[in-house]
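Below is one structure, written out as structure tokens, with a few remarks after it.
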Amino acid sequence: MLNMPLDALLGGKRMAQWLEFKGNWFIDLGILGFVNLMEEVYGWDLEKLKEKLSEEEKLIYYGFFPLAYMYKWLKDRSYPVSIEIPEEAHLEKLQEKEAPEIFEEVWWRWIVPMFEDRWVSKKLHDIIDKGKIPPPETGISSQAEEVVSKAKEILRLHEDEIKKILRLRNPLKRLNLIQIEKLKTDPNKSFELKLKIDQLNNLIEHLEKALKYCFDQVIRARKVRGENSDVFYRLPIYSNFFGNFLFFNPSDKNKLMKQKEDFYRVISWDPQKNELTSIAKELNKLFPSFDEFSNEFYTNFSSKNINIERLFIFLINFPYAFNRISGMNITFYSNSLKFSYLVNKKIKLLTQKERSSDSIFSLAWKGIIDVLYEHKASWALENMYLIQYRRLDNKVQEDVEYIGISKLQAEILADEDFRKRLNISIRIAEKGSKSYIWLLEEFLKNKPLLPVFYKNLKLYFAGKLNSILYPHYSSLIYSIAIDKVLKDLSNEKGFTFSDKFFNRNKSTISSIKTTANIYFSIAKLIQENFTEFSLKEKESLAFRLFSLLRKGQKYGFVNELLRSLHQLNGDVERFIRYLFAQILQNDYTWQENSIPIIAGFIEGGDKNE
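Residue 1 is where the sequence shown starts when you use the UniProt record's numbering, and the numbers rise one by one after that.
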């Protein structure tokens with residue numbers, strides 16, 4: 001079962017095989033980002049997307065994708081979207097066309113019109129805030145000059161009053177749109193200033209209408225006349241992270257028609273022709289060796305070096321693989337697209353429902369465990385990572401972290417018994433934001449679990465858990481068994497190259513289960529033989545033993561128990577053997593071996609608080 005592909009375990013169909021992970025984490029996350037994008041915009045889950053790709057691949061990549069990409073770019077930045085995404089039926093009508101025709105139609109019919117409000121707004125800011133006058137062939141340069149001139153006149157005649165209204169001390173070089181809007185709404189300005197601001201706003205409104213008319217003319221003609229105008233009509237789309245792709249480049253030399261060609265070239269994968277020159281350091285994850293290129297930020301890079309279909313589409317979708325949580329971007333990555341997709345989808349859902357105090361790590365792992373339970377799949381996560389970052393651009397990669405999970409931890413998690421016992425929150429403090437610890441998180445961070453239960457047991461004996469009997473009995477036993485076996489392994493000499501080392505995971509799992517069974521039997525032995533003790537007497541003895549254990553007083557712990565043995569009803573021989581072999585003669589894990597004795601006095605099943 002464990003050797004089966006995870007997609008098969010999860011019930012995935014072997015269709016659209018090109019939409020599978022390729023083995024390079026950066027590209028794989030781009031594939032996941034592509035899947036997330038299409039689901040967010042069109043509502044297609046992974047299986048639906050694969051089905052659509054198997055039936056109409058050309059239409060998806062040249063029609064649905066570019067439209068979705070530009071739409072999300074605007075939405076993510078809270079920019080106005082001039083027209084909404086059309087119904088699928090409108091795009092389906094393009095299915096019989098060739099790829100260039102599909103892209104051309106989508107570009108002029110939906111993408112460019114979608115940017116109209118954003119384009120007009122940016123041009124107004126360019127003209128008024130920066131004094132950039134449109135080229136003469138647009139036919140609106142004189143209107144723009146009139147607006148700029150009027151704004152300068154107002155500032156020259158009323159600068160002191162304007163500075164007072166805007167609460168500014170330093171001299172103003174020019175008025176910007178935001179300041180003009182504030183002046184327009186200020187009720188205390190002079191009559192003369194009000195008159196001139198009204199005149200300026202009237203000019204701005206006419207300029208705005210003229211800009212919209214010009215933009216609409218370009219859409220209707222589906223072309224731009226004049227080289228300068230071509231630059232002027234460029235769509236205002238920009239990315240700090242993927243500045244290499246020219247359709248993102250805000251250069252004054254970049255044109256609308258060139259922008260269209262560059263975007264088409266990204267989609268129309270050709271490993272022989274698609275070459276990115278001056279590839280920047282943000283893409284150095286693609287290089288075969290980081291050490292080889294650690295100080296080389298720029299080099300020629302051709303897609304034929306990584307012969308992957310639709311490579312550049314996946315690259316520009318990399319950011320969409322991440323969920324935004326508490327100022328961080330986080331994603332789960334394994335060797336399976338389907339499992340990664342399901343887990344990240346669950347993480348996104350949990351962030352909308354769970355307490356804001358939950359850590360990113362906790363939310364991510366709750367997503368992993370939930371998906372595992374839902375699909376009842378056995379799996380070995382040998383290559384599994386949580387990847388997170390705060391900010392990425394072409395200069396900064398801030399707070400990037402990769403959390404890998406060892407094969408041994410993955411094998412333990414694959415066992416339902418362990419998973420069930422570790423997937424609980426344990427209270428460690430009476431109150432406060434950090435009063436609970438998620439046991440699974442501590443385990444995955446390679447931290448011992450005994451200290452967690454020390455704090456929890458302290459609360460129990462202080463009467464703070466609102467429970468007569470201890471509520472986390474089996475979780476305690478399993479956790480301490482894990483601690484004990486892993487501690488023994490770390491102390492074992494000659495282990496590294498022995499046969500046991502190469503069969504470590506299987507034998508370790510077996511050892512932990514055997515140890516847990518021994519611990520359960522010792523706890524049961526306590527329960528069966530101390531029947532004459534009242535509940536209060538058991539708790540009192542358990543508390544004394546716990547105090548001695550925390551102080552590291554091994555002999556005091558054993559002596560306290562021996563004083564009580566004369567009251568036992570049954571055969572104490574097995575119990576005494578355990579005391580001497582596992583506690584008195586064991587200097588390394590005697591504390592772990594003492595826990596099931598205490599647990600036997602306070603056992604209360606498994607009830608969450």
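C-beta atoms are modelled at their ideal positions from N, C-alpha and C, and glycine is treated no differently.
Candidates Gly-63, Asp-370, Ile-522: which alpha carbon is nearest His-90's?
Gly-63
**Asked** Which residues mark the beginning and the end of the alpha helix (DSSP H) in which Gln-217 is found?
**Response** 191–221
Worksheet item: Can you tell me whether residue 629 is buried or exposed, with buried defined as 16 or more other CB within 10 angstroms of its CB?
Response: Residue 629 lies beyond the range of the chain shown here (1 to 609); nothing can be said about it.
Do Val-147 and Ile-204 have their C-beta atoms within less than 8 Å of each other?
yes
Report the residue from Glu-416, His-566, Ser-435, Ala-542 whose alpha carbon sits nearest the alpha carbon of Glu-374. Glu-416
Q) Cα separation between Asn-491 and Thr-589? A) 10 Å
_Beta-bridge partners of Tyr-588, as assigned by DSSP_ = In the DSSP output, where bridge partners are listed per residue, Tyr-588 has none listed.
| task | Counting only the same chain and skipping the five closest in sequence on each side, list residues whose C-beta sits under 8 Å from that of Gly-552. | result | Gln-591
Does DSSP classify Trp-438 as helix, strand or coil?
strand
**Prompt:** Quick check: the region 75–84 against the region 99–118, are there 3 or more CB pairs under 8 Å?
**Reply:** yes
task: Take Ile-412 and list the residues in its own chain whose beta-carbon comes closer than 6 Å to its own, dropping the five residues that flank it on each side.
output: Phe-418
With respect to the alpha helix (DSSP H) encompassing Ala-118, which residues constitute its N-terminal and C-terminal limits?
Here the sequence assigns Arg to residue 118, which means Ala is not the residue at that position. Element bounds for Arg-118: 116–130.
| message | Below 8 Å, how does it come out for the region 131–148 and the region 176–191: are there three or more Cβ pairs, yes or no? | response | no
Of all the options Trp-107, Tyr-71, Ala-462, which has the alpha carbon lying nearest to the alpha carbon of residue 621? A question about residue 621 goes unanswered here, because the residues of the chain that appear run from 1 up to 609.
- [ ] Have a look at Gly-600, Thr-515, Leu-562 and flag the residue whose alpha-carbon is nearest the alpha-carbon of Ser-525.
- [x] The sequence shown places Leu at residue 525, not Ser. It is Gly-600 whose Cα lies nearest to the Cα of Leu-525.
### Query
Apart from the five residues just before and just after Val-396, which ones in its own chain have a Cβ nearer than 8 Å to its Cβ?
Because the pLDDT at Val-396 is just 49, under 50, the model does not fix this residue reliably, and the point stays unresolved.
Practice problem: For the alpha helix (DSSP H) containing Asn-228, list its first residue and its last residue. | Solution: 227–232
What's the C-alpha gap between Glu-539 and Ile-602? 6 Å
Since His-472 and Asn-446 should fall inside the 8 Å C-beta cutoff, what is the C-beta to C-beta distance between them, to a whole number of angstroms? So it is not a contact: roughly 21 Å between Cβ atoms.
- Can you round the beta-carbon distance between Ala-481 and Tyr-519 to whole angstroms, since I take them to be within the 8 Å contact cut? 6 Å
Exercise. Leaving out the 5 sequence neighbours to the left and right, which residues in its chain are closer than 6 Å to Ala-321 when beta-carbon positions are compared?
Worked result: Leu-29, Leu-32, Gly-33, Thr-331
Margin query: For residue 610, which residues in the same chain have their Cβ closer than 7 Å to its Cβ, ignoring the five residues on either side in sequence?
Written below: Nothing in the structure corresponds to residue 610, since the chain is present only between 1 and 609.
- Tell me, which residues are paired with Asn-529 by DSSP? Bridge partners of Asn-529: none, in fact.
*asked:* By DSSP's criteria, Arg-544 is part of a beta bridge. Which residues make up the other side?
replied: DSSP output for Arg-544 lists no bridge partner at all.
* Can you name the start and end residues of the alpha helix (DSSP H) that Ile-154 belongs to? -> 141–166
Separation of Leu-422 from Asn-593, as counted between CA atoms: 19 Å
Margin query: Rounding to the nearest angstrom, what Cα-Cα distance links Leu-450 and Arg-310 in this structure?
Written below: 50 Å
* To do: Have a look at Leu-363 and Leu-256 and give me their C-alpha separation to the nearest angstrom.
  => 43 Å
Relative to the C-alpha of Phe-263, which candidate in Lys-164, Ala-221, Leu-315 has its C-alpha closest? Leu-315
Checklist entry - Which residue from Arg-225, Asn-329, Leu-235 puts its Cα closest to that of Leu-74? => result Leu-235
message: Quick check for students: name the residue ranges of the alpha helix (DSSP H) that lie wholly in the region 5–87, counting only runs of 4 or more.
response: 6–9, 25–42, 46–59, 65–76
Straight-line Cα distance separating Glu-528 from Ser-510
27 Å
Q. Hey, would you say Glu-560 sits closer than 8 Å to Leu-549, going by beta carbons?
A. no
Spatial distance of Leu-465 from Leu-535 (CA atoms) | 17 Å
Exercise for review: In the DSSP assignment, find the alpha helix (DSSP H) that holds Ser-340 and state where it starts and stops.
Suggested key: 337–353
ask   = Under the DSSP definition of a beta bridge, which residues are partnered with Leu-427?
value = In the sequence as presented, Leu is not what sits at residue 427; that position holds Arg. Tyr-436, per the DSSP bridge assignment.
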